[in-house]
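Undergrad: Could you have a look at this structure, given as structure tokens, before my questions?
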Amino acid sequence: MIRQYWLLGLLALVSACSQQSTKPAAVAFHNLNAKYNAIWQADRLKKTIQKKFWEEHKEDYKSILPIIPAIDSTFGQQHAADIDLVIKKASLVIDRHQNSHFVDDAYTLIGWGRYIKKDYKNALETFKFVNSIDNDPRSQSTSLIHLYQIYIHQHDFTSAEKVGEFIQSLDLSQAQKNNYLLSRAYFHQSKNEVIPTIALLEEIIPSLSSGEEKARLYYILGQLFESQGKNKLALENYAAIKKSKASYELQFHATLAVHQLNNAPEELEKMIREPKNEDHVPALYAALGEIYFKNKEFDKAKDYWTKGGKSGSDRGELYLQLGNLFAKQLKRFDDAAKYYDSAATYLSPNHPAYTATQKLKTTWTNYLQVSKALSQEDSLLKLSNMSLVELTDMYQKTQKKQQRKADSLMSKTVQVQSNVVFTRRPASPEQQSFYFNNDQARIQGQQEFSNKWGVRTLEDFWNRKNKNNNLTNRIVDLTQNNATTPSENSKTLSNNPVVSDSLQIWLNSIPKSPNQIAQVKKREEDALFELGKFVRLELGEKEQASILLKKLLTNYPGTSHEAEALYLLYLSSDKDSPEQKNFRNNLFDRFPTAYFKQLILKIENGSLTESNELAAQKAYEMAYGQFKAYNYSEASRQCQQILQQFPGSNLEDKVVFLKALCYGGLKEFTSYQNNLKNFIQAFPKSPLTTEAEALLKAYTKNKN
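Position one of the sequence shown corresponds to residue 2 (the working numbering), numbered consecutively onward.
Have a look at this one:
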């Protein structure tokens, strides 16, 4: 009898454990196991992951901080095991406790795991599913807020707005309300709507307890006020951070912002001297540079940014700022090119300015190449005007300078070696077979090296006897020394065959004959034009372009680049200024058929009306008919008339191309070649450009 009761009790217990049962005992059993087993463990893991996220998250204090930081995909990859464990624990509730009241909580945790892994697609589906299976306000509100945040991260503001309207109709707890308002503030921040963002933050902050979250929002609020020019309100919010139990990192950047707003470089200098700020010295240098830049003390800004760029994680940004400073304010373009190159090297691929900086690097590298070519030709021309005695003396002075530099380096190396004492452990007999563990073999090797090569510094090409005589790369430096008297040591040249040979090699590289000088001048002429054109069209520097192009027209009157140079000077001059009118008149008078004249007319007249476009179409058909009838002179005349009468028409590329073909038919091959080049340059996107390039290539090949 007792055994039967025992069996009945066991059966009742088993039936109560069934997850399909809706009986109170079964539901209570599964609620208990779901909440205090799988859900509790998953929730605890979730809080640990959230803590790690904030510990590993790096703030970009140079920009306005995002109210809700975007999820970094690398974080999800690094902590994939822990996140997968959260999902696995939550999945146990769905598998084993289907009749509990915590299935929706389990799905919310799974959705959160996918959210933090940046698996937005599946996270969205999960959060939507939560709202379809249960009307529990707590889990429903949490999932909707997560849904709202994902839409904002994806910049799907229409969907976010719909979800936000639905959330507002729910009865939210204080924590959920704060979370939603923060998300709402982030919604406006993502849309660059500063005023509503500020209003929402001012509503949220008082309800938060002191801590890092509250201090961070104060900092964002200060940044937003600063962006609006409301410096007094910004200072109030930065000052409030100290009362909010913030981390030292946040307090440091708040103090930095205060001193920058107060234009107090002396306070930043004090912070540099404080030992606790040792790790923040690069950031302090960067801030000092910004203060002096705003004060238009560009040399000081350069000095501090240079100091900050020597170390620190934001050296890429500082090099970018230095590049902009040298390019725009200091007008030292060669230095700008070097800093843009360094910025492209050090900037992270995730940096917002990375792509733009890579383009700047390419553009300024091209500038540097053309600039160096011009400098080299200019130096060669200067050297060609010097006498043999002057050149010899210059060479000797340069050699002495290089030798002093090498001796100085040698003395420093020897001094360091004499000050450093190395101690070695006694090598075992087995280890002595290795060369550097065998003192006798090592000393003997050093003696043999010294006997053969002498004392040599550790540098590239140490074993070349004339390693210091590669003077072709020092032409520009040599022009800085204008010696006028022969060197007293010139007699020693004949006694030293190495030096004598090197001098002769260098002298042979200097142009002396009229033909050689003419070739150098032609290269300098082309380099001047290319550099002026590049500076104007690629860099947008009107003043520098004007200097270079005016130098071209002065030094090389009648240059083959005159028409385009006048056009570029027209573009570089102030609108309607006497200088601009002068360049325009010169171009129109000297080159009445040049295409650059048509470009100026196009700029001045603007777009054509529909009736003028039709007239241009008819005129082009007539010109083309003349071309087909082999009346090349008449076709060319009509093309020129179309360009003058209808500048900027939709058929302009066809007219210019037809005119070039007319020159080919007339066998005026120089004009034919120049017009094809002008066409390719002026209409790079025209469907006729490929044909023009092929014709130009064929002509060049046949000509050679």
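Backbone N, C-alpha and C fix where the C-beta goes; we use that ideal spot for every residue, glycine too.
1. Among 290, 295, 314 and 316, whose alpha-carbon lies nearest the alpha-carbon of residue 304?
2. Residue 118 to residue 89, Cα distance in whole Å?
3. Could you check what DSSP says for residue 253 in three-state terms: helix, strand or coil?
4. Check residue 71 in the structure and name its three-state DSSP category.
5. So is residue 372 buried or exposed if we call it buried at 16+ other beta carbons inside 10 Å?
6. When the Cα atoms are used, what is the spatial distance from residue 337 to residue 324?
7. Indicate the three-state DSSP secondary structure (helix, strand or coil) for residue 29 in the structure shown.
8. Could you have a look at residue 314 and say whether DSSP puts it in helix, strand or coil?
9. If you run the structure through DSSP and keep just helix, strand and coil, what is residue 333?
10. Excluding the five sequence neighbours on either side, which residues of its own chain have a C-beta within less than 8 Å of the C-beta of residue 244, listed in chain order?
11. Ignoring anything shorter than 4 residues or poking outside the segment 502-549, list the alpha helix (DSSP H) runs there in chain order.
12. Between residue 206 and the rest of its own chain, which residues show a CB-CB distance below 8 Å, the 5 nearest in sequence each way excluded?
13. CA-CA distance, residue 631 and residue 665?
14. Use the C-beta contact count for residue 591: other C-beta atoms within 10 angstroms, 16 or more gives buried, fewer gives exposed.
15. Can you grab the Cα-Cα spacing for the pair residue 153 / residue 48, in whole Å?
16. In chain order, which continuous runs of the beta strand (DSSP E) of length 3 or greater are located wholly inside the segment 547-620?
17. Quick test of your reading: residue 248 and residue 283, contact by CB under 8 Å. State the CB separation rounded to the nearest angstrom.
18. On a CA-only basis, which of 527, 571 and 576 is nearest residue 556? Give me that one, please.
19. Identify which residue in 382, 59, 92 and 164 has its Cα closest to the Cα of residue 41.
20. Would a C-beta distance cut-off of 8 Å place residue 677 and residue 696 closer than the cut-off?
21. In angstroms, rounded to a whole number, what distance separates the CA positions of residue 268 and residue 287?
22. What is the rounded straight-line gap between the Cα of residue 188 and the Cα of residue 348?
23. Can you give the Cα-Cα distance for residue 358 and residue 345, rounded to whole angstroms?
24. Taking all protein chains shown into account, decide if residue 281 is buried (16 or more other Cβ within 10 angstroms of its Cβ) or exposed.
25. Take the Cβ of residue 496 as the centre, count every other Cβ of all protein chains shown within 10 Å, and call the residue buried at 16 or more, exposed below.
26. Which residue from 613, 551 and 560 puts its Cα closest to that of residue 583?
27. Assign residue 670 to one of three DSSP states: helix, strand, or coil.
28. Under 8 Å between the Cβ atoms of residue 375 and residue 529?
29. Are residue 639 and residue 623 closer than 8 Å when you measure CB to CB?
30. If the criterion is Cβ atoms closer than 8 Å, does the pair residue 785 and residue 536 meet it?
31. Candidates 620, 368 and 627: which alpha carbon is nearest residue 648's?
32. Would you check if the segment 176-194 and the segment 155-168 touch, i.e. whether three or more CB-CB distances between them fall below 8 Å?
33. For my contact list, residue 518 and residue 512 are in at a C-beta cut-off of 8 Å; report their separation, rounded to the angstrom.
34. Could you please give the first and the last residue of the uninterrupted alpha helix (DSSP H) stretch that includes residue 376?
35. Please report the residue range of the alpha helix (DSSP H) in which residue 121 lies.
TA: Short version:
1. 290
2. 14 Å
3. In the structure shown, residue 253 sits in a helix (DSSP, three-state: H, G or I).
4. Coil.
5. With 16 or more Cβ atoms within 10 Å of its Cβ, residue 372 is classed as buried.
6. If I take the Cα positions, the gap works out to 4 Å.
7. helix
8. DSSP places residue 314 in coil when its eight states are reduced to three.
9. Residue state, collapsed to three classes: coil.
10. 211
11. 515-538
12. 215, 218, 219 and 222
13. 11 Å
14. exposed
15. 23 Å
16. none
17. Their Cβ separation, rounded to whole angstroms, is 19 Å, which puts residue 248 and residue 283 out of contact at 8 Å.
18. 527
19. 92
20. Yes; because the gap between Cβ atoms is below 8 Å, this pair is in contact.
21. 14 Å
22. 29 Å
23. 6 Å
24. buried
25. Confidence in residue 496 is poor, its pLDDT being 49 and thus under 50, which makes the residue's placement unreliable; the coordinate value appears in the next sentence. The residue in question, residue 496, is exposed, as its Cβ has fewer than 16 Cβ neighbours within 10 Å.
26. Checked all of 613, 551 and 560; the closest Cα to residue 583 is 551.
27. helix
28. yes
29. yes
30. Outside the shown range of the chain (2 to 705) lies residue 785, about which nothing can therefore be said.
31. Comparing C-alpha distances from residue 648 to each of 620, 368 and 627 shows the shortest one belongs to 620.
32. yes
33. 5 Å
34. 355-385
35. Start and end: 121-134.
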